[in-house]
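Numbering (our numbering), first residue to last: 1 to 688.
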């Protein structure tokens, strides 16, 4: 009987294992560009057999598949489960109780002040009533009248002053109460966060104590690079402070924890691509002839950006007006102005899309409040475009604008609308492989795995280098000379100091490191694009510091110069920063009006252009300045650029760029000029 009794007593232990709620503490947080890994520690006692341990009070944004536990010794894990506890809410803001107590104290203070005012008002009534009674019942001599009057005046004045001061005190206290009530409303309006719980069932061969380490990934956290770049003068190095703006809304505060900042973001899908055979076939003329490979992602979303400004340019640096800038997945957007500038509020969304006719669309995470974009021409243009226009004007305007373009349509009565169809029959471009022109080259002649880089030149750039051979465009292919093996996939910054970061989304600035960067300074002006003179600083060897794209605050000679973007992903050998505009150096660019120039010869129109540049140093110190301009390059064999006179400029005839290196003494002015001639068919139009 005793054996049977003991068996039945042991049934609950077999069916219901020992269950305990185990407190844990955050020991370390590794913050990625997007997301974070939490490391918790806990001391746990397990009985022999089956034990269930519940780690409560965790974030409700845990990635269940990322949960790991270590420190098991001989104990094995039977199961792990992650659940959300909707009944137990996170602790409210610890300041709420303090604010509520403060409001009660202030309300008590107001009540006492109001009682004081009532007492003073009653005293005033008594004095007033007594004065009236005395004046009616007896006759007072002059001295008595004076004494009584003085008393009434002094006391009534004192009463009025005390009532006035008490009312002022009440008003000030009410304002303080209103401020605290607003703070309470904000705190109480924040949704209460439910709690995450991790339940782990252990099987212990013997009773034991464990020092467990629990790790998992959470969402709604990350860090954004930020820089302070300071220079004390033209001969001083740059002081670069590399900082991280850390944020988190995981539902749990991080209190006095060790911080590790990682330059990677965990990828939930890291499966390698599966490459299959490709079979060629005829396709619609509207289809792209190739699909670009997926590119590496380098920019991280910055949730603290609420407004983005920037400038959109083409490959030559010219501003692009009319570019559509839209928050991805929405209709909220804007377009660039005549100077290629845009400004867009971004109250939601994580990416911006940039689109423009004839340019490759781009999508970028909202990584900075300044996002300048260089757009590339679309190499896979549509091969047929339908245009609606006005009669022959369309034909005259488009005919001959590009090689391979022909017009079909019908004329109509003057002023009525005509339909025209523009057909584009792409001529074969010139292919250059490792510097050697290739004839009869096809896209499939090279193994794609051997291609290091492909560059497409059009228009002026192609014609300047390859002449008439490049009139249909040039495809420059560089093959790989070696295969690169990458090492570690990330860089981690271990921060020595512990930090506390609340789960409210606010930024906590953490300094990663500071560097001294030897720099060279130079004034720069390109009046054909911008009539301001810029002071620039350039430095090398930036790669060793593992810099990431981010905003940079520029300080020069103790003064805040402005904000720029430091983008190592678009920098090659030397990083150049603009330190601001110097208004004490002026530059002007004027076209020389040569009305005696011959306008026509035969069937051609001739344009003579001369430009005069003037730079003046209004400073009291000598400066050196790099001045740049350009001569247009022809993209059509019918457009000829001749009689180029560069005078004192250094001339890059492949790009048409002119450069002057000027040394100016204090208050000195210098003038430079250049000229060229353009010939093109009469009745056609070009843009200079």
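Where is the CB? At the ideal position from N, CA and C, for every residue including glycine.
Computed from a predicted structure; not experimentally measured.
query: Going by the CB atoms, is the gap between residue 325 and residue 317 shorter than 8 angstroms?
result: Start at 1 with the first residue of the chain shown, and residue 317 comes out as number 317. Start at 1 with the first residue of the chain shown, and residue 325 comes out as number 325. Not a contact, by the Cβ cut-off of 8 angstroms.
message: In the DSSP output, what is residue 216 paired with across the bridge?
response: As a position in the chain shown, residue 216 is number 216, starting the count at 1. Partner(s): 38.
message: Using a Cβ-Cβ distance cut-off of 8 angstroms, determine whether residue 360 contacts chain D.
response: Absent here is chain D; the protein component of the structure consists of one chain.
- prompt: Secondary structure at residue 586, three-state DSSP: helix, strand or coil?
  reply: Your numbering for residue 586 matches position 586 in the chain shown. Strand.
- prompt: Does the count of Cβ pairs from the region 491-511 and the region 258-265 closer than 8 angstroms reach three?
  reply: yes
Other residues of its chain near residue 314: CB distance less than 7 angstroms, five sequence neighbours each side excluded: Against the chain shown, residue 314 aligns to sequence position 314. 320 and 375.
- prompt: Is the distance from the Cβ of residue 222 to the Cβ of residue 348 below 8 angstroms?
  reply: Taking the chain shown and counting its residues from 1, the one referred to as residue 222 is at position 222. Taking the chain shown and counting its residues from 1, the one referred to as residue 348 is at position 348. No. Outside cutoff.
Complete runs of the alpha helix (DSSP H) confined to the region 619-663 [at least 4 residues]: none
- request: Could you pull the start and end residues of the beta strand (DSSP E) that residue 244 belongs to?
  value: Translated into the one-based positions of the chain shown, residue 244 becomes position 244. That run of the beta strand (DSSP E) goes 238-248.
- prompt: Could you give the residue range of the beta strand (DSSP E) that holds residue 322?
  reply: Here the question's residue 322 lines up with position 322 in the chain shown. Counting along the chain, residue 322 falls outside any beta strand (DSSP E), and DSSP gives it neither H nor E.
query: Out of curiosity, what's the CA-to-CA distance linking residue 248 and residue 220?
result: Numbered from 1 along the chain shown, position 248 holds the residue referred to as residue 248. Numbered from 1 along the chain shown, position 220 holds the residue referred to as residue 220. Distance between the alpha carbons of residue 248 and residue 220: 6 angstroms.
- prompt: What are the boundary residues of the beta strand (DSSP E) that residue 438 is part of?
  reply: Along the chain shown, one-based indexing puts residue 438 at 438. Start and end: 436-438.
task: Kindly indicate which three-state DSSP category residue 609 falls into: helix, strand or coil?
output: For the purposes of this step, residue 609 is identified with residue 609 of the chain shown, where counting begins at 1. Here residue 609 sits in strand by DSSP.
- prompt: Does DSSP put residue 441 in a helix, in a strand, or in coil?
  reply: On the chain shown, residue 441 is found 441 positions in, with the first residue counted as 1. Coil.
message: When you compare the CB positions of residue 619 and residue 585, do they come within less than 8 angstroms of one another, or not?
response: Indexing the chain shown from 1 puts residue 619 at position 619. Indexing the chain shown from 1 puts residue 585 at position 585. Yes, Cβ-Cβ distance for residue 619 and residue 585 is below 8 angstroms.
query: What do you get for residue 244, buried or exposed, if any count of 16 or more other CB atoms within 10 angstroms of its CB means buried?
result: Taking the first residue of the chain shown as 1, we reach residue 244 at position 244. Burial call: buried.
- request: Verify whether the separation of the beta carbon atoms of residue 99 and residue 183 is less than 8 angstroms.
  value: Against the chain shown, residue 99 aligns to sequence position 99. Against the chain shown, residue 183 aligns to sequence position 183. It is a contact, given that the beta carbons lie within the stated cut-off.
message: So, with DSSP's three-state summary, where would you put residue 168?
response: If you number the chain shown from 1, residue 168 lands on position 168. It is helical.
query: In its own chain, which residues sit with a C-beta less than 7 angstroms from the C-beta of residue 180, not counting the 5 before and 5 after it?
result: Your numbering for residue 180 matches position 180 in the chain shown. Cβ within range, chain order: 99, 102 and 103.
- request: Could you name the residues of the same chain whose beta carbon sits closer than 6 angstroms to that of residue 45, not counting the 5 residues immediately before and after it, in chain order?
  value: In the chain shown, counting from the first residue as 1, residue 45 sits at position 45. Taken in chain order, the residues that qualify are 209.
- prompt: What are the boundary residues of the beta strand (DSSP E) that includes residue 75?
  reply: Translated into positions along the chain shown, residue 75 becomes position 75. Counting along the chain, residue 75 falls outside any beta strand (DSSP E), and DSSP gives it neither H nor E.
message: Rounded to whole angstroms, what is the Cα-Cα separation between residue 275 and residue 460?
response: Position 275 of the chain shown holds residue 275. Position 460 of the chain shown holds residue 460. So the alpha carbons of these two residues sit roughly 38 angstroms apart.
- prompt: Would you say residue 213 and residue 69 are within 8 angstroms of each other, going by their C-beta atoms?
  reply: If you number the chain shown from 1, residue 213 lands on position 213. If you number the chain shown from 1, residue 69 lands on position 69. Their beta carbons are under 8 angstroms apart, which means residue 213 touches residue 69 by this criterion.
message: Measuring alpha carbon to alpha carbon, tell me which residue in 371, 340 and 30 is nearest residue 563.
response: As a position in the chain shown, residue 563 is number 563, starting the count at 1. Residue 371 is the option with its Cα nearest to residue 563.
query: How many angstroms separate the CA atom of residue 365 from the CA atom of residue 630?
result: Taking the chain shown and counting its residues from 1, the one referred to as residue 365 is at position 365. Taking the chain shown and counting its residues from 1, the one referred to as residue 630 is at position 630. If you take the alpha carbons of residue 365 and residue 630, they lie about 34 angstroms apart.
- prompt: Taking residue 614 as the reference, which of 36, 638 and 668 has the closest Cα?
  reply: By one-based count along the chain shown, residue 614 stands at place 614. Checked all of 36, 638 and 668; the closest Cα to residue 614 is 668.
field: As assigned by DSSP and simplified to three states, the class of residue 683
entry: Working through the chain shown from its first residue, we reach residue 683 at position 683. Residue 683 falls in the coil class under three-state DSSP.
query: Tell me which same chain residues have a C-beta within less than 8 angstroms of the C-beta of residue 603, skipping the five on either side of it?
result: In the chain shown, residue 603 corresponds to position 603, counting from 1. Here the set comprises 681 and 682.
- prompt: Can the beta-carbon of residue 532 be found less than 8 angstroms from the beta-carbon of residue 611?
  reply: In the chain shown, counting from the first residue as 1, residue 532 sits at position 532. In the chain shown, counting from the first residue as 1, residue 611 sits at position 611. No, these two residues do not count as a Cβ contact at 8 angstroms.
Selection from 18, 194, 81 and 42 that minimises the alpha carbon distance to residue 60: Within the chain shown, the letter at position 60 stands for residue 60. Selected option, being the one with the closest Cα: 194.
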